[in-house]
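Going letter by letter, the sequence shown gives residues -24 to -1, 1 to 628 in mature numbering (1 follows the signal peptide of the UniProt record, and there is no 0).
Here a beta-carbon is modelled for each residue, glycine too, at the ideal position from N, C-alpha and C.
Shown next, in structure tokens, is the structure this report addresses.
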Amino acid sequence: MKNIFTLLKISVLALIAMSVFSCKKDEVKTVPTVSVEFVSSGMTSATLSITSENANELAYMMLNDAAEVPSARGILTAGTKIQVPGGDVTVSDLVAGETYHIAAAAVSENGEYSEVATLEFGTSGQNCSFDIDVISATDKSISYSVVPSMDNVDYYVAALEFSVYGDSDDEAIYEAVAESAAQAASAAGISLQEYLSQNLHRGEYSGVVSELVPETEYLLTVFGMSSEDASPTTPLSRIETSTVPETPELTFDLEYSDVTTTTVHLKVTPSNKTAQFIFLCLPSANFPDLTEDDADEIAQRYVDGVKSYLDEGIGLYTGDQDVPNFSIMQNTEYYFFAFGYTPGVGISSKCELVSFMSERGVVPEDFEAEIIIDATTAKRISARVVPAAGFESIFYGCVAIPTDEYTEELAKESVEQAIVDYYNQQVEFNPTYSMLDAVTAVCDRGEGWFEPSGLTPETEYTVAAVSVSNEGVAAKVLTATATTGSEDVSAATFTSTFVKVYDGNEALEAGLFADSPHLMKDKGIAVFHFERSSEAVECYYFMANGDYSNPDEEYKTDDDLLSWITTNPYFYQADENTHYAFVSVDFYDAYTYLGWYYTMLTVAKDSQGMWGPVGRTMILPEYAKRGDIQELVDLINEIEAGTESLSIKASK
């Protein structure tokens, strides 16, 4: 019995010992552990390995602030649960080029929480987005503009057929675009790196995707791209668009007639009346190395010089064009040509071209003209050049030189240099610009006005008109002399005060200005009151369009104004009985018409014929502030009761 009891006792003790040992071992296993490791990342997602041991539940949480890590209990409560023991987890909707933090924790079956495991990781690429807009589309091309959020990112634009890639994920599109870039490089016979150096863009950009299929939907894509291997460096932006149905080829009928030394009649008839196109008539000298057989090259060379304007729609036409008096130079070959153009896309048709010669006229060496001095002030001369009959086709340039410095050679050199300087300025931006263009821009032909300013007071000047050849070479010099006046100003003053503006229609209904309805209908009537000093012998007024209220502004000094208003046909003399002026003006806000500023300019001469200061009264006629028409009726009744002059003057 003793042995059996002993054996039982030992067995019980062994079982108890095993039980105790087993409990302690289970207690160690109930404390779970968690591990978080980085696997890989893209621009908008990352794959992480989150694993655990001895866990019943496992969860993770993305952290907004790495310094504020939740407790394990908090992560298990608010985090994202994953099946134990865990594995690879992909987090998405991330931002390229950013750093992120993640925390994970686990809890055992009996409620023991693990330590919190954290990891810092980053996404690849750059956080650059793109705004892409379609400007226009033709049957075979799409014009677009791109505005990136970062200016230091190289990006690539491509068009993929929507039927193939419309539902594709970003990775498939990245791969397709990279493959198309590699194929384009191979077709061009250059390396991928060289191709990308030519076709990657930075900053805002407008371009064209061409060689597309008519009437087809496309996915226009843009993303940052590595210049080494065409791999993506930013997230993808995409927009759906399409080409238009195929259109018939655009052609032109070009006609020229009535060719003279100065003008030609031009007609352009396009086959498509709604298509946009360019037509030009330029000297062949603008394209010295090209002939009529190089029409398409001529068109391209012209576009290269002014593309920025054309893409804004400047210089484009639609429909039939009939220009009866197109200005040309004598004895010159011209290229008359037309071609289709789509803003943002480029040339859209073949170029049709014909050439002709203008008539031969008189030579510049025989030039005859009269130089008429209309007015002189202290610092300006107002002159006109009137060519003799038959010499209207000759171009000439004018110059004013102090007589004691004047030589004919100096006059020629001055005009030639002005032409050369202008040519050099223009050809820098437009390679097709020619010396003939510069001559037409700098010089005049026919009757012309010459008003040099900034001259020396009380100095005799020789005004020279220098005839030039089409190439800008000086030929003959004609002259006249004029002496600038004194800077002294008379004490004679003639000033105006703005009374009010009235409605012309209301005035006509009230029976006023019955003899001048054409001046008052749908107009305003600006009324001014005049005052003159005792020194004023002759008084004048002129209503100018615009704001001339500041006498210190360039070209608006008293000296500047007196050089031209005194020769203007609407420069009226006010006799001693004229105390009011009634002037027809356009309202600023009536009849949905946008008017403008006006300035009443007044000036007087003294008994010695010296001009006084110019008076300036600037107004903005506002319909909402018009006066009661009865006020005008009463004023005119008072004037008619006296001796006031009531001639109605209109300065336009």
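- Residue nearest to Leu52 within the set Ser68, Ala72, Ala93 and Glu74 is Ala93 (criterion: CA-CA distance).
- The three-state reading of DSSP puts Ala206 in coil, since its state is none of H, G, I, E or B.
- Each residue's CA atom was taken as its position, placing Pro597 and Tyr548 some 21 Å apart.
- For secondary structure counted as the beta strand (DSSP E) over 3 or more consecutive residues, the segment 292 to 318 holds these complete runs in sequence order: 297 to 303 and 309 to 318.
- Burial state of Val122 is buried, judged by a 10 Å Cβ sphere holding 16 or more other Cβ atoms.
- Counting along the chain, the unbroken beta strand (DSSP E) around Val184 starts and ends at Tyr181 to Val185.
- The alpha-carbon separation between Gly430 and Ser173 amounts to approximately 53 Å.
- Shown here, Tyr278 sits in a helix according to DSSP, grouped into three states.
- Counted as a single uninterrupted DSSP element, the stretch harbouring Arg178 is not any alpha helix (DSSP H), since DSSP gives it neither H nor E.
- By the 16-neighbour rule on beta-carbons within 10 angstroms, Met333 is exposed.
- With fewer than 16 other Cβ atoms inside 10 Å of its own Cβ, Arg49 counts as exposed.
- DSSP places Lys499 in no alpha helix (DSSP H); its state is neither H nor E.
- A straight-line Cα-Cα distance of about 14 Å links Gly480 and Lys601.
- Beta bridge pairing from DSSP links His77 with Leu39 and Glu96.
- Tyr278 and Ile323 have their C-alpha atoms roughly 11 Å apart.
- Ranking Met594, Thr6, Pro264 and Phe253 by CA distance to the CA of Ile290 puts Phe253 first.
- Residue state for Tyr524 is assigned as coil, using DSSP reduced to three classes.
- According to DSSP, residue pairing for Cys374 in a beta bridge involves Ala441.
- Comparing alpha-carbon positions, the option among Val579, Tyr546, Lys326 and Pro428 lying closest to Ser466 turns out to be Val579.
- Under the three-state reduction of DSSP output, Pro597 falls in the coil class, being neither helix nor strand.
- Boundaries for Met411: no beta strand (DSSP E) harbours it, while the alpha helix (DSSP H) harbouring it runs Met411 to Val418, taken from the DSSP string.
- With distances taken between CA atoms, Ile215 lies nearest to Asp143 out of Asn262, Thr239 and Asp143.
- For Cys374, same chain residues with a beta-carbon under 6 Å away, outside a window of 5 residues either side, are Phe426 and Ala441 in chain order.
- Taking the C-beta atoms as reference points, Pro319 is found nearer than 8 Å to Asp287.
- Within the DSSP secondary-structure output, Val330 pairs in a beta bridge with Phe312.
- Here Ile78 is buried, its C-beta having at least 16 other C-beta atoms within 10 Å.
- In this structure, the straight-line span from the alpha carbon of Asp523 to that of Glu193 is close to 54 Å.
- Residues Val375, Ile377, Ala440, Val442 and Val453 of the same chain have their beta carbon placed closer than 7 Å to that of Ala387, with the five preceding and five following residues left out of the count.
- If you ignore the 5 residues before and after Ile348, its C-beta comes within less than 6 Å of the C-beta of Arg360, all in its own chain and listed in chain order.
- For Ser472, the enclosing beta strand (DSSP E) has its first and last residue at Phe470 to Asp479.
- Judged by pairs of C-beta atoms under 8 Å, the segment 80 to 97 does not touch the segment 134 to 141, as fewer than three such pairs exist.
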